[in-house]
Amino acid sequence: MTVANGSEPKKTGDAVPENQAAPRNDAAKPGVEGPSVSDLAAGYAKKAGLHRNSAGHVDMLKSAGGWQGIAESILPGLVFLVAFTVTRDLTPALVSALAAAAVFTVVRLIQRRPLTQALAGVVGVGISAWLANTTGKAEDFYVLGFFTNIAYIAAMVLSIALKWPIAGLLFGFVRNEGLEWRKDQDRLRAYKLGTWIVVAVLALRLVVQVPLYFMGEPGLTALATTRLLMGAPLYILGLWVAWLVTKPAPQPSKPSSSAD
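Counting from 1 along the sequence shown, just add 1472 to a position and that's the residue number in my numbering.
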């Protein structure tokens, strides 16, 4: 990977002895230059679950885990709803949901892919099943998602208050802005707005789903359906809108200095 400005650093006449001809790739060694902003962008975005496509934009589908990741997030809840609707018995419905989550872990083992997302899904389904089994209420299978959304909302609002909006930390690295966007008030405001958009998506889930939860079993089908629709699909939409809203303004091209 080249350095950020696309050129090799020039040697100065200072106290850097010239030994033998140095290898061409010395500039890429961490001890000489360290990782470029692009390297940091790729690593940070990957850890955050964001992925760039070849055009340098966020790959929305891949950031949501791809089709397999979306299925891992949707199917256990769908299997639970179908099984409970058919049997009207909580135990087989919970076992079916756990089995569906476990299948994805086995699939990832066979594919030799990272297990993080699948294992997180199994743990989440396991906790949800335990809550529903403990209370004996089928709607409690979905209550964990409420607390998860509240935690995310609190973290994002706090990031905005501290002027470290989450959208800037994620998108800024994807765009190779590093942390320079924090020095630009317009960019800071844009990333605050992008973070508020994601907060709005999470808050909308609560506004729609919490009343359905308090309806009890009569609202279970509607709760499960909205949970599916407002899960990965709404997340991808919110991420896409936040990306568009935070897009930097095009820089004016510099006039040629060849002639005055």
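All residues carry an ideal CB built from backbone N, CA and C; glycine is no exception.
Around the beta carbon of residue 1582, a 10 Å sphere encloses fewer than 16 other beta carbons of the protein chains shown; the residue is thus reported as exposed. By the Cβ rule, the region 1592 to 1606 does not count as touching the region 1633 to 1641, because fewer than three pairs are nearer than 8 Å. In the DSSP assignment, residue 1702 falls outside any alpha helix (DSSP H) and carries neither an H nor an E. In terms of Cα proximity to residue 1636, the closest of 1573, 1614, 1659 is 1659. The region 1555 to 1575 and the region 1600 to 1611 touch, with no fewer than 3 CB-CB distances between them shorter than 8 Å. Residue state for residue 1543 is assigned as helix, using DSSP reduced to three classes.
Residue 1624 has its alpha-carbon roughly 26 Å from the corresponding atom of residue 1605.
About 5 Å separates the beta carbon of residue 1694 from that of residue 1684, a gap short enough to meet the 8 Å contact definition. Taking C-beta separations shorter than 6 Å and ignoring five residues to either side along the sequence, the partners of residue 1671 in its chain run 1625, 1628, following chain order. Remark: C-beta atoms of residue 1681 and residue 1661 do not approach each other more closely than 8 Å. Boundaries of the alpha helix (DSSP H) harbouring residue 1564: 1562 to 1583, taken from the DSSP string. Of the candidates 1669, 1647, 1557, 1561, the residue whose Cα lies closest to the Cα of residue 1709 is 1669.
For residue 1655, the three-state secondary structure derived from DSSP is helix.
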